[in-house]
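Going left to right, the sequence shown walks through residues 48 to 803 as this note's numbering numbers them. Note sheet for the following structure.
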Amino acid sequence: MLTHVLGFPRIGANRELKRALESFWSGKTKAQTFNNRVHEIKISNWKQVKSTGIDYTTVGDFSLYDQMLDHTQLFGAIPPRFQHKYEDPQELYFAMARGDAEKGISAMEMTKWFDTNYHYIVPEFDANTHFSKTNSKLLEDVREAKKLGLNPKPVLIGPITYLSLGKEIGGFNKWLLLPQLVELYKELVSELAAECEVIQIDEPILVTDISEELRLTVSETYKQIKSVCKECKLLVATYFESLGDNLNTFLNLNADILHFDLIEGKGQLTNIIDSFPADKSISLGLVDGRNIWKTDLTEALETLTTVTEKIDLERVYLSSSCSLLHSPVDLRNETKLPSEIVNWLSFAVQKCQELTVLKNAVKGEDVEQIRLKNSKAIAERKASKLVHDETVQKRCREVSAEMYERTNSFSSRKLIQQSYFNLPELPTTTIGSFPQTPKIRKTRRDFKAGILSNSDYELKIKNVIKDNIKIQHQIGLDVLVHGEPERNDMVEYFGEMLKGFCFTENGWVQSYGSRCVKPPIIYGDVSRPEPMTVKWTEYAASLSHKPVKGMLTGPVTILCWSFVRNDLPRSEVCKQLALAVRDEVQDLENAEIKMIQIDEAAFREGMPLKEADKNDYLQWAVDSFKLTSSSVKDDTQIHTHMCYSDFNSISEWIAKMDADVISIEASRSGMKLLDSFKEFPYPNEIGPGIYDIHSPRIPSVEEMVNLLKKGLEVIPQSELWVNPDCGLKTRKWEETKASLQNMVKSAKIVRKIITH
Ligand code: GLN
Ligand code: ZN
Numbered sequence: 048m049l050t051h052v053l054g055f056p057r058i059g060a061n062r063e064l065k066r067a068l069e070s071f072w073s074g075k076t077k078a079q080t081f082n083n084r085v086h087e088i089k090i091s092n093w094k095q096v097k098s099t100g101i102d103y104t105t106v107g108d109f110s111l112y113d114q115m116l117d118h119t120q121l122f123g124a125i126p127p128r129f130q131h132k133y134e135d136p137q138e139l140y141f142a143m144a145r146g147d148a149e150k151g152i153s154a155m156e157m158t159k160w161f162d163t164n165y166h167y168i169v170p171e172f173d174a175n176t177h178f179s180k181t182n183s184k185l186l187e188d189v190r191e192a193k194k195l196g197l198n199p200k201p202v203l204i205g206p207i208t209y210l211s212l213g214k215e216i217g218g219f220n221k222w223l224l225l226p227q228l229v230e231l232y233k234e235l236v237s238e239l240a241a242e243c244e245v246i247q248i249d250e251p252i253l254v255t256d257i258s259e260e261l262r263l264t265v266s267e268t269y270k271q272i273k274s275v276c277k278e279c280k281l282l283v284a285t286y287f288e289s290l291g292d293n294l295n296t297f298l299n300l301n302a303d304i305l306h307f308d309l310i311e312g313k314g315q316l317t318n319i320i321d322s323f324p325a326d327k328s329i330s331l332g333l334v335d336g337r338n339i340w341k342t343d344l345t346e347a348l349e350t351l352t353t354v355t356e357k358i359d360l361e362r363v364y365l366s367s368s369c370s371l372l373h374s375p376v377d378l379r380n381e382t383k384l385p386s387e388i389v390n391w392l393s394f395a396v397q398k399c400q401e402l403t404v405l406k407n408a409v410k411g412e413d414v415e416q417i418r419l420k421n422s423k424a425i426a427e428r429k430a431s432k433l434v435h436d437e438t439v440q441k442r443c444r445e446v447s448a449e450m451y452e453r454t455n456s457f458s459s460r461k462l463i464q465q466s467y468f469n470l471p472e473l474p475t476t477t478i479g480s481f482p483q484t485p486k487i488r489k490t491r492r493d494f495k496a497g498i499l500s501n502s503d504y505e506l507k508i509k510n511v512i513k514d515n516i517k518i519q520h521q522i523g524l525d526v527l528v529h530g531e532p533e534r535n536d537m538v539e540y541f542g543e544m545l546k547g548f549c550f551t552e553n554g555w556v557q558s559y560g561s562r563c564v565k566p567p568i569i570y571g572d573v574s575r576p577e578p579m580t581v582k583w584t585e586y587a588a589s590l591s592h593k594p595v596k597g598m599l600t601g602p603v604t605i606l607c608w609s610f611v612r613n614d615l616p617r618s619e620v621c622k623q624l625a626l627a628v629r630d631e632v633q634d635l636e637n638a639e640i641k642m643i644q645i646d647e648a649a650f651r652e653g654m655p656l657k658e659a660d661k662n663d664y665l666q667w668a669v670d671s672f673k674l675t676s677s678s679v680k681d682d683t684q685i686h687t688h689m690c691y692s693d694f695n696s697i698s699e700w701i702a703k704m705d706a707d708v709i710s711i712e713a714s715r716s717g718m719k720l721l722d723s724f725k726e727f728p729y730p731n732e733i734g735p736g737i738y739d740i741h742s743p744r745i746p747s748v749e750e751m752v753n754l755l756k757k758g759l760e761v762i763p764q765s766e767l768w769v770n771p772d773c774g775l776k777t778r779k780w781e782e783t784k785a786s787l788q789n790m791v792k793s794a795k796i797v798r799k800i801i802t803h
């Protein structure tokens, strides 16, 4: 029985890759130095995995930006706007990833990789797309690994997944490209087959709902690929879920080793072993690749025994459930976490070690000491006082149906709110954060480091809030915000004040390119010991006669952007979060804050991969939001915000959240987003963003007037709000002020038009 992982984090334990990239992009390092540096990082990653005892070295999982983009370049599928403009392939690569301001070429689109927080660069296909192999990097890596005495297992994203995730430009049917693409894979695979024992091809698309027609295509495709892979084993990997209706297709695929995610797809194990073909090997994804909890080795060994009763050992491989890309690198870098909690965790390096222990156990080596220690940790976590809070559990059990509902329907609330706030038509507001200057960041850093006293810190933050209010008055906005200077991150800020959360020092995970995130860990029952935002919002409100919106992050978003405990259903953790944020909503209302925005930026991200699971998710996600927001009186106005506008099939659910006002991103698509509300009109008030905050460009008055007019084609004037696409924390003050001034002007112009 051999071990492998589907992929390893590229970034390095101290985010070495991030540093190398950013220094290169800023011109501080020259290409040669940069390339040497990233080469070192790659090799050191290989060696690190090897040192844990893993048998194969996965090669090709390293990337300078994104593995999908690597394939796009390898296949020569360069979008026309980049063609013939770059001599250096690396320059072309980064231009596709990040755009090229000098040449005025926009970056390729980026979107989420399945249901993870990793983002890939979306391939673009049109009638002129032609695939041909442009480099031999993978083969070179394989040869290099062999020279180092490693046993390389190259990995490619499969042709079906690659094509499925690309977008079609100009009405072109991308599946016409498949025959070409398959030829290219054959070329690659036959080259690699001569050099290695196993080739891994990832087809995560097989855990989603695909058509019967595509299933046939999958079978046909692998028949062809396998035909050139005789002397070497072809491993096809699925992950992030069970195979569902695609299981039979997969079991009968022309491949030698089939990989299954037995963490997210735990339930499929019986079906798999009952009908596992005698001529194939199985790769068991038994160690969670995307969460941070220690594997229960005893349980994993039991699963292994169940498998090996039916499938002989030589045909069994052990692996991570998915690539370890989604896991932080090394737990040994954590020095400040409570030791009790550290003892429950496992990051990428430790996960590799777990696989080695499992293998050694099966080989008959004495691992009893390790296993007992592991069982002890698992048992301690189960029983820990840190995890279980009877008060929280009781409160969750006692949540009643009426706690999910506002007292009256939106139509009666609207009248009450109108007379309470007395806002002009097309009221202007922002999404919450204002520019985060280096000075603000330093203030927060100094406070954290103990350099600033509590009172000095409070004073400094309050001064920023005071400035923010003054500026908003000058600009003439109707509904103000305090500007969020106290927040480093919209989830971290709340997590740090909630019970049940902890934070790592170095638990970084790649989000896209050089961007990494450090998700909080939800390890126990969640509650809110004290108000989290009231003093800031209250202070802001005291400085203005205009309404000031309180600003909170919603339960679904906190859940989606954290590592979540795996001993409770996600819906239950979300309910606890909802109750905690509900307490804050109540305290804000008690402090006379009569507009409260609860951001649910990640609402759509949380959607499960399979159609059949979606309603269940949407139900508890909407319920969580309602549990958070429904305790308030009719004259308190609940806002929510989402950073996208493409709601396609979920508009009805968004409406069910019953927020009085929703703001969404819309400017970049020129209000096209509102299409999703054409068939099902949003019943409450809505602010489609008219200022693209992702760019430093200052939108003109005329441009925003036009967007508002477009909005009015779909949204009644009594329901339309005027706001930017999202928060302004990444922008500079200069452009922010100018843009918001234009925004307020455009609202005034359109108000005049509609009253005439
Ligand atoms: N209130 C947050 C802000 O303005 C919302 C951010 C978001 O939706 N991502 O920054
Ligand atoms: Zn947003």
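C-beta atoms are modelled at their ideal positions from N, C-alpha and C, and glycine is treated no differently. Just so it is clear, the structure is predicted and the values come from calculations on it, not from any experiment.
Checklist entry - If we call anything under 7 Å between Cβ atoms a contact, is GLY107 one with SER179? => result The sequence position of residue 107 within the sequence shown is 60, counting from 1. The sequence position of residue 179 within the sequence shown is 132, counting from 1. No. Outside cutoff.
Checklist entry - Mind checking GLU156: buried by the 16 CB within 10 Å criterion, or exposed? => result As a first step, residue 156 must be located in the sequence shown, where it is residue number 109. Answer is exposed; the Cβ neighbour count stays below 16.
Next on the checklist: With the cut-off set at 7 Å, would you say SER330 and VAL275 are in Cβ contact?
Outcome noted: Residue 330 sits at position 283 when you count from the first residue of the sequence shown. Residue 275 sits at position 228 when you count from the first residue of the sequence shown. The Cβ atoms of SER330 and VAL275 do not sit closer than 7 Å to each other.
Next on the checklist: So, under 8 Å CB-CB, LEU656 and PHE287 are touching, yes? Tell me the CB distance rounded to an integer number of Å.
Outcome noted: Residue 656 sits at position 609 when you count from the first residue of the sequence shown. Residue 287 sits at position 240 when you count from the first residue of the sequence shown. Contact between LEU656 and PHE287 holds, since their C-beta atoms are separated by about 6 Å, short of 8 Å.
Checklist entry - Count the other CB atoms within 10 Å of the CB of GLN465; is the residue buried (16 or more) or exposed (fewer)? => result Residue mapping note: residue 465 aligns to position 418 of the sequence shown, counting from 1. Exposed is the call here.
Checklist entry - Does any heavy atom of the ligand GLN sit closer than 6 Å to the C-beta of ASP646? => result Numbered from 1 along the sequence shown, position 599 holds the residue referred to as residue 646. Annotation for ASP646 indicates a beta carbon within 6 Å of some heavy atom of the ligand GLN.
Checklist entry - Under the three-state reduction of DSSP, which class applies to ILE339: helix, strand or coil? => result Locating residue 339 in the sequence shown gives position 292, where the first residue counts as 1. Here ILE339 sits in coil by DSSP.
Next on the checklist: So, with DSSP's three-state summary, where would you put PHE468?
Outcome noted: Indexing the sequence shown from 1 puts residue 468 at position 421. Three-state DSSP puts PHE468 in a helix.
Item to check | Contact check, GLY597 vs ILE643, beta carbons under 7 Å | outcome: Mapped onto the sequence shown, residue 597 falls at position 550. Mapped onto the sequence shown, residue 643 falls at position 596. Cβ atoms of GLY597 and ILE643: closer than 7 Å.
Item to check | Contact test: HIS688 Cβ vs the ligand GLN heavy atom, cutoff 6 Å | outcome: Here residue 688 is taken as the residue at index 641 of the sequence shown, counted from 1. Answer for HIS688: yes, Cβ within range of the ligand GLN.
Next on the checklist: Can you tell me whether ALA625 is buried or exposed? The criterion is at least 16 other CB atoms within 10 Å of its CB, across all chains shown.
Outcome noted: Residue mapping note: residue 625 aligns to position 578 of the sequence shown, counting from 1. Result: buried.
Item to check | alpha helix (DSSP H) runs contained entirely in the segment 383–413, provided each spans 4 or more residues | outcome: The qualifying runs are 386–389 and 395–409.
Next on the checklist: Any heavy atom of the ligand ZN closer than 6 Å to the beta-carbon of CYS773?
Outcome noted: Position 726 of the sequence shown, counted from the first residue, corresponds to residue 773. For CYS773, the shortest C-beta to heavy atom distance toward the ligand ZN is below 6 Å.
Checklist entry - Could you give the residue range of the beta strand (DSSP E) that holds TYR559? => result Taking the first residue of the sequence shown as position 1, residue 559 is located at position 512. Here the beta strand (DSSP E) through TYR559 covers 556–559.
Next on the checklist: Tell me whether LYS776, by its Cβ, gets closer than 6 Å to a heavy atom of the ligand GLN.
Outcome noted: The residue labelled residue 776 in the question sits at position 729 within the sequence shown. Answer for LYS776: yes, Cβ within range of the ligand GLN.
Checklist entry - How about GLY530: is its Cβ closer than 6 Å to a heavy atom in the ligand GLN? => result Stepping through the sequence shown from its first residue, residue 530 is reached at position 483. Taking 6 Å as the cut-off, the C-beta of GLY530 does not count as close to any heavy atom of the ligand GLN.
Next on the checklist: In the DSSP output, which residue or residues are listed as bridge partners for ALA284?
Outcome noted: Numbered from its first residue, the sequence shown carries residue 284 at position 237. According to DSSP, ALA284 bridges with ASP249 and HIS306.
Checklist entry - Using the beta-carbon count (16 or more within 10 Å), is ARG488 buried or exposed? => result The sequence position of residue 488 within the sequence shown is 441, counting from 1. That one is exposed.
Checklist entry - Thinking C-alpha only, which one of ASN553, ASP343 and THR350 is nearest GLN315? => result Residue numbering aside, residue 315 sits at position 268 when the sequence shown is read from its first letter. Checking every option, the nearest Cα to that of GLN315 belongs to THR350.
Checklist entry - Excluding the five sequence neighbours on either side, which residues of its own chain have a C-beta within less than 8 Å of the C-beta of THR163, listed in chain order? => result Within the sequence shown, residue 163 is the residue found at index 116, counting from 1. These residues qualify, in order along the chain: PHE287, ARG337 and HIS373.
Checklist entry - In the structure shown, what three-state DSSP assignment does MET157 receive? => result What you label residue 157 is simply residue 110 of the sequence shown in a count that begins at 1. DSSP places MET157 in the strand class (E or B) of the three-state scheme.
Checklist entry - In three-state DSSP terms, what is GLU171? => result Position 124 of the sequence shown holds residue 171. Taken through DSSP and simplified to helix, strand or coil, GLU171 comes out as strand.
Checklist entry - So the alpha helix (DSSP H) GLU732 belongs to, where does it begin and stop? => result Translated into the one-based positions of the sequence shown, residue 732 becomes position 685. That residue, GLU732, is in no alpha helix (DSSP H); its beta strand (DSSP E) goes 732–735.
Next on the checklist: Just checking ILE101 against the ligand GLN - is the residue's beta carbon closer than 6 Å to any of the ligand's heavy atoms?
Outcome noted: As a first step, residue 101 must be located in the sequence shown, where it is residue number 54. False, no ligand heavy atom lies under 6 Å from that Cβ.
Item to check | Buried or exposed by the 16-neighbour rule on C-beta atoms within 10 Å, applied to LEU462 | outcome: Against the sequence shown, residue 462 aligns to sequence position 415. With a 10 Å radius around the Cβ and a threshold of 16 neighbouring Cβ atoms, LEU462 comes out exposed.
Next on the checklist: Taking the alpha helix (DSSP H) that PHE548 belongs to, which residues open and close that run?
Outcome noted: Within the sequence shown, numbered from 1, the residue matching residue 548 stands at position 501. Per DSSP, PHE548 belongs to no alpha helix (DSSP H); it is in the beta strand (DSSP E), 546–549.
Item to check | Span of the beta strand (DSSP E) around MET761 | outcome: For the purposes of this step, residue 761 is taken as residue 714 along the sequence shown, with counting starting at 1. A small correction: the amino acid at residue 761 is Val; Met does not occupy that position in the sequence shown. Counting along the chain, VAL761 falls outside any beta strand (DSSP E), though it belongs to the alpha helix (DSSP H) covering 748–761.
Checklist entry - LYS441 lies in the beta strand (DSSP E); which residues open and close that run? => result Taking the first residue of the sequence shown as 1, we reach residue 441 at position 394. Where LYS441 is concerned, there is no enclosing beta strand (DSSP E), although the alpha helix (DSSP H) it sits in stretches over 437–444.
Checklist entry - Could you give the C-beta distance for ASP646 and THR604, rounded to a whole number, given that I count them as a contact under 8 Å? => result For the purposes of this step, residue 646 is taken as the residue at position 599 of the sequence shown. For the purposes of this step, residue 604 is taken as the residue at position 557 of the sequence shown. Approximately 6 Å separates the beta-carbon atoms of ASP646 and THR604; this is inside 8 Å, confirming the contact.
Item to check | According to DSSP, residues forming a beta bridge with PRO616 | outcome: By 1-based counting over the sequence shown, the position of residue 616 is 569. According to DSSP, PRO616 bridges with nothing at all.
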